[in-house]
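A short worksheet on the structure shown next.
Residue numbers (my numbering), protein chains in the order written: chain G, 189 to 503; chain C, -1 to 242.
Now the structure itself:
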């Protein structure tokens, strides 16, 4: 539904987006990750037709965004960064305006606006000027204008930025309910969000796609993937660490927390293989007082840092 | 209703949803009145016409229309709504024309609110209402010219103060282009046809012709083509700089 081919954008000497190609189909929720200035927003602005690519093409529902902009834009919903809206308007008037621009009239328009307001819980503030609303409501207004025409492609630039945890949860829930019949691309700084809503995650740095896979695949690239956290209640005999390192499949055991009553270890596997049962058997044999035994699935933020930091260090 | 109509409606309502409309209407009516009665010597002239009223319109517009026009695009850009507008299924041209027409229509409303002036002169004497109608028409078209210039300048910058100042200067150039202040810059080195061309660009020449009651199609065409050219320039500037 969205197809990018060798997309590139330069601003003078600065290469903002460098040879990016990918496709997103129905039912996919693609999370764009990357440091500030990595080219996430620029890529989104080219998909939505706001920026003209320096090279390459974008197709939305088969329509080239540059050659058939109106057709492409009709099937597209876009929440720009910061959710801009006409501040003097009320959410109701604003959504009616967006609906009219998108060609809806009369009862159809009323129905769509009412349904959308209900979906994003805007009914309570329908008649207050947008300028007077809180950040959370403003974001919902932005989301509402993006979905009022039930687009098949949804582009959301930082949809949960600046929202409180409850609002984030609501917005994520909304995205998930829409995910089945749409192709969604969203950018975020919040890595937990990738797990919460995305079926696919892409890390972008310096305008290039660095990785592209499911969130689980991405986590597997963490050096802590499948590591086991073991917390024991003391007093403990000496040589626990050596004993853990002797368990088959274990590469290394690190002490991560050392106190008089409790000790915690992070046990790293060889080649990311699961080792929890072996560690568990060892603990059982030794009759240690186990307080916690858990598998670390890997940390997205650690993967994110290791993939994007070297690139940043060059600048 | 076309998409231009939808944009037009939103913009026009926007003027009245903010204090802009009230402030603009009050200031315009006050200044127009003050100029007519004090500087124009409306009563002492003893003539039943609105010449002292219309004579000050170019100067009123010179300052007041850039104040209205400066927000046209600068505000869209500052608030980020330009990104919203141009990712909706509207063409650049529809957006430029819709916003311009709303602003122009607003000045038309303000101009229409000066009707007590017309009523007054009709009570006091027997003016030539045809001349007054032609003057109103000329004034409205001239307002469109100033507005189109302001639209283009506003598209150039995010900063509304800069947009205002530049619009006033460009507007002044067009008002005075038939006068020595502008022509002296060119006389002496530029060929005579060029001087004539410059002076034919003067708002005052075309407006004065209309306000004498002579509705010459050429004067209307002049203002309409001026509006067209500046709106075309607005679209070019937006295409070039919309992302900045």
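C-beta atoms are modelled at their ideal positions from N, C-alpha and C, and glycine is treated no differently. None of the values given here were measured: they were computed from a predicted structure.
Excluding its 5 nearest sequence neighbours in each direction, residue 34(C) has C-beta neighbours in its own chain below 6 Å: 40, 50 and 51, listed in chain order. The region 92 to 103 of chain C and the region 159 to 175 of chain C do not touch, with fewer than three beta-carbon pairs separated by less than 8 Å. The beta-carbon distance between residue 317(G) and residue 287(G), rounded to whole angstroms, is 19 Å. This is too long to meet the 8 Å contact definition.
For the options 79(C), 177(C) and 44(C), the alpha carbon positioned closest to that of residue 123(C) is the one of 44(C). Residue 282(G) is positioned such that its CB atom lies no closer than 8 Å to that of residue 379(G).
Neighbourhood of residue 268(G) in chain C, by CB distance below 8 Å: 78, 81, 82 and 85, in chain order. Look at residue 273(G): its C-beta is under 8 Å from a C-beta on chain C.
Beta-bridge pairing by DSSP links residue 240(C) to no other residue.
Judged by pairs of C-beta atoms under 8 Å, the region 450 to 469 of chain G does not touch the region 10 to 17 of chain C, as fewer than three such pairs exist.
When the beta-carbon positions are compared, residue 146(C) and residue 236(C) stay at least 8 Å from each other.
Rounded to the nearest whole angstrom, the CA to CA distance from residue 367(G) to residue 433(G) is 44 Å.
Sorting 319(G), 370(G) and 314(G) by C-alpha distance to the C-alpha of residue 340(G) places 370(G) at the top. Here residue 411(G) carries a coil assignment [DSSP, helix/strand/coil]. The Cβ atoms of residue 247(G) and residue 191(G) sit closer than 8 Å to each other.
Here residue 347(G) carries a coil assignment [DSSP, helix/strand/coil]. Against chain C, the beta carbon of residue 236(G) has neighbours under 7 Å at 85, listed in chain order. Residue 213(C) sits away from residue 141(C), with the two beta carbons spaced by 8 Å or more.
For residue 345(G) against residue 229(G), the beta-carbon gap comes to about 6 Å, under 8 Å, which counts as contact. Beta-bridge annotation (DSSP): residue 482(G) is paired with 417(G).
Cβ contact annotation for residue 161(C) (same chain, cutoff 6 Å, sequence separation greater than five): 68, 72, 151, 152 and 155, in chain order. Each residue's CA atom was taken as its position, placing residue 37(C) and residue 169(C) some 22 Å apart. Secondary-structure assignment with DSSP links residue 451(G) through a beta bridge to 420(G) and 446(G). One thing to note: residue 106(C) has its Cβ within 8 Å of the Cβ of residue 138(C).
The contact set of residue 276(G) on chain C, defined by CB atoms closer than 7 Å, consists of 12, 15 and 16 in chain order. Contact check for residue 61(C) against residue 166(C) passes: the beta carbons are separated by less than 8 Å.
Only exposed fits residue 24(C), as fewer than 16 other CB atoms lie within 10 angstroms of its CB. Per DSSP, residue 98(C) lies in no beta strand (DSSP E); the unbroken alpha helix (DSSP H) holding it starts and ends at 90 to 110. Beyond the five residues adjoining it in sequence on each side, residue 198(G) comes within less than 6 Å, by CB distance, of 242 in the same chain, given in chain order. According to DSSP, residue 375(G) shares a beta bridge with 220(G) and 345(G).
Taking CB atoms only, residue 88(C) has a neighbour in chain G less than 8 Å away. Spatial neighbours of residue 409(G) in its own chain (CB-CB distance under 6 Å, excluding positions within 5 residues in sequence) are listed in chain order as 491. Taking 8 Å as the upper bound for CB-CB distance, residue 383(G) and residue 403(G) are in contact here, some 5 Å apart.
Residues of the region 237 to 263 of chain G with a C-beta atom less than 7 Å from some C-beta of chain C are 237, 238, 239, 258, 261 and 262, listed in chain order.
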